[in-house]
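Taking it in order: structure first as structure tokens, then the write-up.
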Amino acid sequence: MKTVAEDFATFSPTGDTLVLAAVGSPAEQELLDHWLAQQQRERPEARVEVLLLPDHSDDPPATVMARLVQLLSADPDRSVVPVRIFWVPGGLPTRSKVVALISGRDTYRPPELLQRRILRKDPARARVVAGEPAKVSELRQQWQDTTTAENPREFARFVIRRAILAIERVELRLLGPEYKSPRLVKPEMLASSRFREGLDQIPGATIEKAGEMLDELSTGWSRFSVDLIPTLGRAIFSRGFDPHIDYDSAEIEAMRGALEVHPAVLLFSHRSYLDGVIVPVAMQENRLPPVHTFAGINLSFGFMGPIFRHSGVIFLRRKLDDPLYKYVLRQFVGYIVEKRFNLNWSIEGTRSRTGKMLPPKLGLLSYVADAYLDGRSEDILLQPVSISFDQLHETAEYAEYARGGEKTPESVSWLYNFIKAQGERNYGKIYVRFPEAVSMRQYLGEPNGPIATSPEAKRLAMQKMAFEVAWRIVQVTPVNATGLVSALLLAARGVALTVDQLHHTFADALDYLERREIPMTNSVLRLRTKEGVRAAVDALSGGHPVTRVDGGREPVWRIAPENEHEAAFYRNSIIYAFLETSIIELALAHAATAESDWLDAFWSQVLRLRDLLKFEFYFADSVAFRENVTREMSWVDGWEDRIAEGPESILELLRVKQPLLGAAMLRPFFEAYEIVADVLRDASSEISEPDLTKLALGVGRQHVAQGRVRSAESVSALLFATARQVVADQNLLRRAADLSERRQAFLTEIRGILADLNTVEKTAFRQYRRRERESRRPTTG
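Just so it is clear: in the sequence shown, position 166 is 166 by the UniProt record's numbering, and no numbers are missing.
Here's what the structure looks like:
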């Protein structure tokens, strides 16, 4: 039989050569014999000896191991060449491949019964590939450097593992980088001297227990799953979304170059369970190496567990309280990055149910940092990944959480319902962005450097590093029409608006986004036209979350009270674009109420608002934040002098400022703080989080009924959780002699901010009315 790809198949044997040949069928044996005969004809002087090994196995029978030990001890200068039959993908039915995927078999290797028939029809389907040769003496030195074993059989197993990995590298060149996946993790780690030395330091630890934990963590992309999972993922989200994900091609190429140099951890924003599907699709579509994703063990249910494991998912226990498990996990992460494979998880740790970015979680990241500081890689890149959606069906679930509901546990039926929900309507587009990666070396210094011995310095550096990743995600996430429509209709407090009214409402916000060069989707750009506005609100109609009211002279659109929590999710996803300008508006309104030192009052309130909102949003560092505020105020010459002139001049600045969105963007958060502060007036000094949330939900519903808060979206268990962080940061949850007075002072302060929001809102409404009147004036020409 004739083989192809001679550049991969020819090793030009010279001198004494040992061929370790992995074959698994008579057809493959014939291919090997034909190839060996060809090599011998071309190099008749070479002495070639062949040892047949079971295909894809690092643990052959005892007789084979004994023979290999003998062959390896014969001559230290003998070259060892691994050889295997590579089957070009294609031909096997998909159903058979799925069964093989679940069982863990090689889905690219045709069954023995079909191999001869395939080769008769297309001999090019099979190739003999040879890995890079190595001398026995070189292999023995590597073995001694990395393991503590002395048994010749252990050396033979080491050689087999090296042979398998050498062949994998060759096959990777044939298949492409998207098929790169770790192999032989467990035997490599268990044989490692580094691993065993650390294991000896853990009381009660055994190699057997560690092996069981590695089995639990085991993962890898089977070659078929590289093809199947992105295809299935695309089929799932294409039920409701545009099948073409929106990328930035320049970002893709920059990331491709970076991944060729260093291993990376992809840290994505998390709004939906679809995120775990979208990242593999994005990597495959752009021919990038696959990622290995950490996920909770709760997702390993039914037949999905094996499929997920062979699709790069690493299942983690919920509690990491076992010292041995923590050690094995840390070493597992170190091995993955040392071998330059890429990891992937949500930087927020869980889905954001509010629409805005959550604080970063540092647990897994600390394990990666340990691997870097141990010198396992010259650098590790933290690659931010922004994933955003025009709409999500999960917002209904998030609204229930906000009202105090419980999470639905994952199961096969849950998965079925989740996939089914994707086809209920058109959810628009998916947007994926890959901003510039963050260098771990830049934040942690040299491997084995000072930070490696200082836990406090390491934690501080990691916090800065993680916040930089999250900040870059926020900066590249495009503003979409869903968020802008939701924000401005929520500000209307249930009042329905016509297309013309909406069109006028969007003008200032669009001008601001363009002036600041903030990323926007095409749907936002289309809001410049009435047709674009109509398309945007129609896409959200039917309570998703907009209600269209027909029957009059023209249709009008509103957000009904029962849909406010869903609309808030979308509004929250774009607040970052208007955050600093919204804070400026509130600070101007506050300064106008001061009796003197108005400029100082403005800056003090700017910084105070930043401090109060630090648990809600990401901010630039204090110096950069102040510079950003100064830049924002540069729209008017001599603005500091104008503020210093006093209330009338400040209010005039507010009247001419565009846009005025502080009330639309920030009112719900301060109303939630006001409700929690109100609850604290007569609550115990150390009230628990569940009790505080329960009381706040009750008081909040009463406030809505009495008209003391503007909308039901402020009454949210999700917002109250952050409000509790705020009051804890203000030392209002600790017993103290003056606690009651300080709690009352905080409540008064928040109510003052809400009064400033009222000032901004009234001013914005007057601006809108003036613009609406001007648009109705007849033009003369």
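A virtual CB, placed ideally from N, CA and C, is assigned to each residue, including glycine.
For residue i and residue j, I'd like the C-alpha separation in whole angstroms.
i, j, result
"L114", "K135", "37 Å"
"R105", "L316", "Residue confidence for R105 is low, a pLDDT of 48 falling below 50, so the modelled location carries little weight; the figure read from the coordinates is stated next. Each residue's Cα considered, the two are about 24 Å apart."
"E51", "P306", "In the sequence under discussion, the amino acid at residue 51 is Leu, which differs from the Glu named in the question. If you take the alpha carbons of L51 and P306, they lie about 33 Å apart."
"E689", "F615", "16 Å"
"residue 782", "T63", "This structure cannot settle anything about residue 782, because the visible part of the chain is limited to 1 through 781."
"V328", "G198", "10 Å"
"A510", "I167", "Here residue 510 turns out to be Leu, not Ala, going by the sequence shown. So the two alpha carbons sit approximately 56 Å from each other."
"T722", "G700", "15 Å"
"H292", "L266", "9 Å"
"M304", "I236", "15 Å"
"L599", "L588", "9 Å"
"K657", "H503", "19 Å"
"A437", "N758", "41 Å"
"Q331", "L739", "47 Å"
"T482", "L579", "18 Å"
"P435", "L364", "21 Å"
"M283", "I753", "46 Å"
"D597", "V726", "28 Å"
Measure the Cβ-Cβ separation of residue i and residue j and say whether it is below 8 Å.
i, j, result
"V81", "G131", "yes"
"V474", "P360", "no"
"Y398", "F158", "no"
"V676", "L692", "yes"
"I559", "L490", "yes"
"S272", "E171", "no"
"A163", "L20", "yes"
"G233", "I278", "yes"
"A594", "A402", "no"
"D374", "N480", "no"
"V606", "V629", "yes"
"V83", "V128", "yes"
"R140", "V69", "no"
"L651", "A592", "yes"
"S604", "G662", "no"
"A577", "I518", "yes"
"M440", "L362", "no"
"Q39", "V48", "yes"
"G334", "A371", "yes"
"L719", "F669", "yes"
"K429", "D275", "no"
How would you call residue i, buried or exposed, if buried means at least 16 neighbouring beta carbons within 10 angstroms?
i, result
"T477", "buried"
"I297", "exposed"
"E554", "exposed"
"Q706", "exposed"
"K762", "exposed"
"V495", "exposed"
"P203", "exposed"
"P243", "exposed"
"A432", "It is Val, not Ala, that sits at residue 432 in the sequence shown. By the 10 Å Cβ count, V432 comes out buried."
"A664", "buried"
"T94", "Its pLDDT being 49, under 50, T94 is placed unreliably by the model, and nothing is read from it."
"H34", "exposed"
"E585", "buried"
"S454", "exposed"
"P323", "exposed"
"G312", "buried"
"S388", "buried"
"L53", "buried"
"Q383", "buried"
"S684", "exposed"
"R173", "exposed"
"D682", "exposed"
"K97", "Low local confidence applies: a pLDDT of 47 at K97 is under 50, so the model's placement there is unreliable, and no value is given."
Item to check | At least 3 beta-carbon pairs within less than 8 Å: the region 628-638 vs the region 743-756 | outcome: no
Next on the checklist: So, does the region 186-206 touch the region 137-148, judging by three or more C-beta pairs under 8 Å?
Outcome noted: yes
Next on the checklist: In chain order, what are the residue ranges of uninterrupted beta strand (DSSP E) at least 3 long that sit wholly in the UniProt domain "Phospholipid/glycerol acyltransferase" (264-390)?
Outcome noted: 264-268, 291-296, 313-316, 342-346, 381-389
Checklist entry - Any contact of the region 571-578 with the region 405-412, i.e. 3+ C-beta pairs under 8 Å? => result no
Checklist entry - Between the region 374-387 and the region 412-420, do at least 3 Cβ pairs fall closer than 8 Å? => result no
Next on the checklist: At 3 residues or longer, what runs of the beta strand (DSSP E) sit wholly inside the region 35-93?
Outcome noted: 47-53, 79-87
Next on the checklist: Just to confirm the assignment: which complete alpha helix (DSSP H) runs, minimum length 4, are found wholly within the region 517-574?
Outcome noted: 522-525, 530-539, 564-572
Item to check | Start-end ranges of the alpha helix (DSSP H) lying completely within the region 403-452, minimum 4 residues | outcome: 412-421, 440-444
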